[in-house]
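In the numbering used here, the protein residues as written are 66 to 372.
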């Protein structure tokens with residue numbers, strides 16, 4: 066039986082020809098942003114990658130196949146269908162076997178991007194160690210971290226989602242052997258904010274520097290990916306203390322309502338949008354678009370570094 070992996074012709078041909086390709090996750094479309102902003106942002110990210118000279122390949126699961134390079138109509142389906150499943154790497158086979166509709170998380174996207182031969186991925190924020198429910202004891206840790214540890218790709222994100230435990234997430238990434246590299250910064254960004262108070266050991270300041278680091282990492286045979294932490298632009302970054310205040314209130318409400326598991330993050334993001342009067346949504350969109358732009362530049366530079 067053939068592996069149910071549908072790499073669309075434009076992406077397959079681009080990869081075969083050595084064209085730069087950037088993989089994009091689809092959970093942000095289905096669960097991360099409100100309608101209709103979710104579809105608008107998905108299309109904008111693809112346009113940014115394309116305008117930057119690379120091929121965008123948004124990944125999702127439809128009709129019993131993992132699709133690498135969703136069409137605009139398929140993006141719309143994920144953006145509007147209320148029954149889309151959130152698909153991490155552990156869920157891929159079951160969702161395909163059940164012929165269900167799925168949007169891939171960072172972990173799911175990394176796994177399928179690797180299967181397709183794509184080495185650069187862009188997202189908003191990486192998953193990590195949860196700060197609710199005594200995460201260090203309950204082992205409520207995102208599969209994004211372990212998948213990145215076994216997927217030699219360049220992942221561009223604004224650090225990890227700010228609703229998570231940032232210090233513990235960095236500790237886990239170090240334990241897993243994942244290099245965390247600041248892009249134009251010595252401080253780990255906090256998704257909505259440029260600063261977190263957490264310093265980084267490594268930094269690059271250009272796509273060419275990022276590509277060189279990526280090439281050396283992979284030529285050494287290192288099994289993990291590299292996290293390029295790209296802070297939000299100054300004009301869209303939010304004050305860290307304000308975000309923490311909104312988050313504390315949202316976490317309290319989640320606890321009172323008994324919200325757990327995969328539903329926690331979407332709930333918290335929704336509450337942050339409400340409490341910030343939409344400001345977190347605007348920053349989220351700016352982060353996604355900024356990371357897509359940088360990922361395209363790194364993808365192009367990584368191919369040039371091989372010449």
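Quick reminder that beta carbons are idealized off the backbone N, C-alpha and C, glycines included.
Source: prediction; values computed, not measured.
Looking only at its own chain, which residues have a Cβ that is under 8 angstroms from the Cβ of residue i, when we skip the five neighbours before and after it?
| i | result |
| --- | --- |
| residue 299 | 259 |
| residue 248 | 221, 268, 269, 270, 275, 293, 294, 295, 296, 359 |
Excluding the five sequence neighbours on either side, which residues of its own chain have a C-beta within less than 7 angstroms of the C-beta of residue i, listed in chain order?
| i | result |
| --- | --- |
| residue 264 | 251, 252 |
| residue 178 | 88, 124, 186, 218 |
| residue 308 | 227, 257, 258 |
Could you check where the beta strand (DSSP E) with residue i kicks off and where it finishes?
| i | result |
| --- | --- |
| residue 332 | From DSSP, residue 332 is part of no beta strand (DSSP E) but of the alpha helix (DSSP H) over 329-340. |
| residue 169 | 167-169 |
| residue 130 | 130-133 |
| residue 161 | Segment 157-162 is the alpha helix (DSSP H) holding residue 161; no beta strand (DSSP E) there. |
Ordered along the chain, which non-local residues of its own chain (more than five positions away) have a Cβ less than 6 angstroms from that of residue i?
| i | result |
| --- | --- |
| residue 320 | none |
| residue 72 | 133, 181 |
| residue 85 | 119, 364, 365, 368 |
| residue 357 | 110, 113, 114, 187 |
Just the C-alpha distance for residue i and residue j, rounded to the nearest angstrom, thanks.
| i | j | result |
| --- | --- | --- |
| residue 76 | residue 236 | 36 angstroms |
| residue 325 | residue 142 | 26 angstroms |
| residue 294 | residue 311 | 23 angstroms |
| residue 106 | residue 351 | 9 angstroms |
| residue 123 | residue 162 | 21 angstroms |
| residue 165 | residue 152 | 10 angstroms |
| residue 175 | residue 212 | 7 angstroms |
| residue 331 | residue 129 | 25 angstroms |
| residue 349 | residue 246 | 21 angstroms |
Could you check where the alpha helix (DSSP H) with residue i kicks off and where it finishes?
| i | result |
| --- | --- |
| residue 191 | Counting along the chain, residue 191 falls outside any alpha helix (DSSP H), and DSSP gives it neither H nor E. |
| residue 346 | 344-369 |
| residue 317 | 305-321 |
| residue 232 | 231-240 |
Under 8 angstroms by Cβ, that's how I've got residue i and residue j pegged, so tell me the actual separation to the nearest angstrom.
| i | j | result |
| --- | --- | --- |
| residue 353 | residue 224 | At roughly 13 angstroms, the Cβ-Cβ gap does not stay under 8 angstroms, so residue 353 and residue 224 are not in contact. |
| residue 242 | residue 306 | Contact flag wrong, Cβ pair sits at about 33 angstroms. |
| residue 208 | residue 172 | 4 angstroms |
| residue 194 | residue 168 | In fact, because the Cβ distance is near 23 angstroms, the residues do not count as touching under 8 angstroms. |
| residue 313 | residue 333 | That pair is no contact at about 11 angstroms. |
State the DSSP-derived secondary structure class of residue i, mapped to helix, strand or coil.
| i | result |
| --- | --- |
| residue 218 | coil |
| residue 282 | helix |
| residue 113 | helix |
| residue 75 | helix |
| residue 144 | helix |
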